[in-house]
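Everything below concerns the one structure shown next.
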Ligand code: ADP
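Numbering (my numbering), first residue to last: 1461 to 2185.
In structure tokens:
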């Protein structure tokens, strides 16, 4: 109740001017571990106390002014400074300040609640018990340090103890000696507190093996130099050739190995809690502060590594700090990515390698196949060339050598004109121009070489073209068909001769009839001439005048017969001209008229008045019609006289001009329908069997056809067709 009232009072009071909390700091510099307790305490107190506070820190500088005779200067200052109003709470931080307070509190701040914070239990136990004073002690467990060292490094034979020479440190020197005595003789202790820090640095660098260092404090060395202990520790760690152990958390993290430590943070928080309660008016006697124990063990991973301390030796539940993540932990992702990349790259390389091998193989195959092609090309009896757009040879086979007497290699890169000569080039220039427009060209013609030789060539030019129609040149396949051409011409000549012979033999058959035909006009001329002579003797010139035109016309008639005969017998080369088949039929019918009469055959013609012209050789086509008619005459020999008839019709069948010669003869046995057109097939005792075969070959050369069909009643009909002109 009182506390609550006081707390309220304090709040009301604080609203005017904040109450003062006086904090007495032992050293007033950044002297760990007390500096850390103070900073945590200030922060925590401000955060936890509901009222604003005026926290004033006074440094006692007890490292510097440790002489008791000078203590009064500080006391005077404090009395002056905090006489009125008295602080609401006085807090001492650290063992040195605790001693000072123990001595001067009653004089300075009688009745003021006091908190003795950050004080080791060894010191706290020596303090006088007072009203209104709360002590927050820390268990500065010195033997645990040596236990910790031996646990980690069981071979340790010696421990070097680093402490300064300030009064507090001297106190701790004594404490250590007492606390560590039980570890002898297993461990020898070397106290460096009589050395200057300079000497300490030299010493720690040359410690014997199996030595550990316990860094206690370094506030002031034996030479009177002041230190910030954490900085001094860093230097020791750097110089030492042995692992360094500490007891305070403040010293952990700069290379000390670690172990069970005292937490200044916990001490600061604990002190702030107590301070709040004292400020709220809780009587000191009611506040029980437990002894602050060592925290759970923690170790510096870097120091463990440096001194090769096996992690298995650490006590259970030990925390390892400052572990530097391994490359894997740090860059695991990137390493995986890099590995994947590497793998992909390797796969890619492998693939490229395989492809390269395939390419090599393919190149080999290509080279071999090209070689084969070359061999084939060279073995061909034709000239093969590849020519580019500029008409330069890109490839030539061996045939080239035979044609032009030049090694193919010598012609590569040269133009056609240069290589084949002007005359040859002129005869193929048009075709070359055409193939270079993208048109495939096939031609056969006679060409002339520069040496005057004539060649017949049969050539194919194929453009070398891409899908878009770009022409890069052309391929030429040229065959020398001179011999074949000569043979063809010879066969034509022979054919013509055969036709001629055929006609002459026909003439033999016609001879009788023709003689009769010529006889008629001749006898007419004869009788007319005799009549004319008689009329001349009778001087009847008028009658003579009348008779003479008859003589002329009869002579003309005889001449006509002879001319026709001569035309047929003339040995002439084939000449193609437009022909009217109706007229041609009429002429042959006229020529054979006397034969027909002599054989008692009636010849009927049925010409198609709209018959288109055909192109062909007049004599040869007449020969066909005549042959068909003569055969018809003979086929009807066995027929009674009145039943012998030939009907010749012309017309258009399936767009071809057709002539049909129908007779009423014996007809053709079914099995001979085709064979009668073979040479030497005859059923006649004096027949040659050549007539129909000659007729068929004439029609073939005119792109026409010749065939026979038996009539339904009697006889056969021979048809031939010719394309329209
Ligand atoms: P040839 O008249 O010398 O026998 P062809 O080649 O003209 O030679 O005729 C061959 C054969 O065809 C004749 O022997 C004959 O048997 C047959 N032949 C030809 N024309 C007729 C026809 N109009 N009717 C029946 N048979 C025919």
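Yeah, the Cβ is synthetic: ideal placement off N, Cα and C, and Gly gets one too.
Since the structure is predicted, the reported quantities are computational estimates derived from the model, not experimental observations.
Taking the Cβ atom as the reference point for each residue, do residue i and residue j lie within a distance shorter than 8 Å?
i	j	result
residue 1931	residue 1958	no
residue 1940	residue 1915	yes
residue 1618	residue 1647	yes
residue 2181	residue 2116	yes
residue 1520	residue 1488	yes
residue 1854	residue 1836	no
residue 1548	residue 1710	no
residue 1599	residue 1751	yes
residue 1920	residue 1937	yes
residue 1754	residue 1774	no
residue 1876	residue 1847	yes
residue 2021	residue 2088	no
residue 1703	residue 1761	no
residue 2048	residue 2086	yes
residue 1650	residue 1692	no
residue 1715	residue 1694	yes
residue 1982	residue 2016	no
residue 1757	residue 1726	no
residue 2073	residue 1966	no
residue 1677	residue 1605	no
residue 1612	residue 1769	yes
residue 2111	residue 2068	yes
residue 1597	residue 1588	no
residue 1910	residue 1886	no
residue 1856	residue 1841	no
residue 1985	residue 2014	yes
Determine the burial state of residue i: buried for a count of at least 16 other Cβ atoms within 10 Å of its Cβ, exposed for fewer.
i	result
residue 2066	exposed
residue 1561	buried
residue 1682	buried
residue 2151	buried
residue 1470	Residue placement at residue 1470 is flagged as unreliable, the pLDDT there being 42, under the threshold of 50; the coordinate-derived value follows with that caveat. With 16 or more Cβ atoms within 10 Å of its Cβ, residue 1470 is classed as buried.
residue 1724	buried
residue 1468	The predicted model places residue 1468 with a pLDDT of 36, which falls under 50 and marks its position as unreliable; any figure quoted below should be read in that light. The residue is exposed, with fewer than 16 neighbouring Cβ atoms inside 10 Å.
residue 1486	buried
residue 2055	buried
residue 1786	exposed
residue 1759	buried
residue 1472	Residue confidence is low: residue 1472 scores 41 on pLDDT, short of 50, so the model does not pin down where it sits. No coordinate-derived value is stated.
residue 1730	buried
residue 1550	buried
residue 1997	exposed
residue 1809	exposed
residue 1806	exposed
residue 1464	Residue placement at residue 1464 cannot be trusted, given a pLDDT of 34 that sits under 50; what the coordinates show is reported in the next sentence. Flag for residue 1464 reads exposed.
residue 1462	Since pLDDT at residue 1462 reaches only 32, below the 50 mark, its modelled position is unreliable, and the value read off the structure follows with that caveat. That one is exposed.
residue 1791	exposed
residue 1815	exposed
Kindly indicate which residue of the options has the alpha-carbon position closest to the one of residue i.
i	options	result
residue 1535	2046, 1484 and 1555	1484
residue 2124	2116, 1602 and 2108	2108
residue 1740	1510, 1986 and 1477	1510
residue 1705	1673, 1723 and 2169	1673
residue 2121	2100, 2144, 2140 and 2093	2093
residue 1962	1811, 2140, 1548 and 1870	2140
residue 1852	1933, 1920, 1478 and 1790	1933
residue 2185	2173, 2077 and 2131	2077
residue 1593	2110, 1758, 1577 and 1605	1577
residue 2163	2169, 2135 and 2118	2118
residue 2051	1644, 2028 and 2068	2028
residue 1640	1608, 1668, 1615 and 1669	1608
residue 1927	1898, 2002, 1944 and 1553	1898
residue 1675	1685, 1629, 1669 and 1686	1629
residue 1849	1874, 1643 and 1866	1874
residue 2037	1929, 1533, 2080 and 1780	2080
With 8 Å as the threshold, decide whether the Cβ of residue i is near any Cβ in chain D.
i	result
residue 1680	The question asks about chain D, but that chain is absent: this structure has only one protein chain.
*Three or more beta-carbon pairs under 8 Å between the region 1497-1510 and the region 1727-1742, yes or no?*
yes
*Three or more C-beta pairs closer than 8 Å, one from the region 1611-1631 and one from the region 1652-1662: is that the case here?*
yes
*Is there contact between the region 1540-1554 and the region 1566-1577, where contact requires at least three CB pairs shorter than 8 Å?*
yes
*Does the pairing of the region 1993-2011 with the region 2040-2053 give three or more beta-carbon distances under 8 Å?*
no
*Could you tell me whether the region 1694-1705 touches the region 1497-1506, where touching means 3 or more Cβ pairs closer than 8 Å?*
no
*Given 8 Å, three or more beta-carbon pairs between the region 1983-1990 and the region 2161-2179*: no
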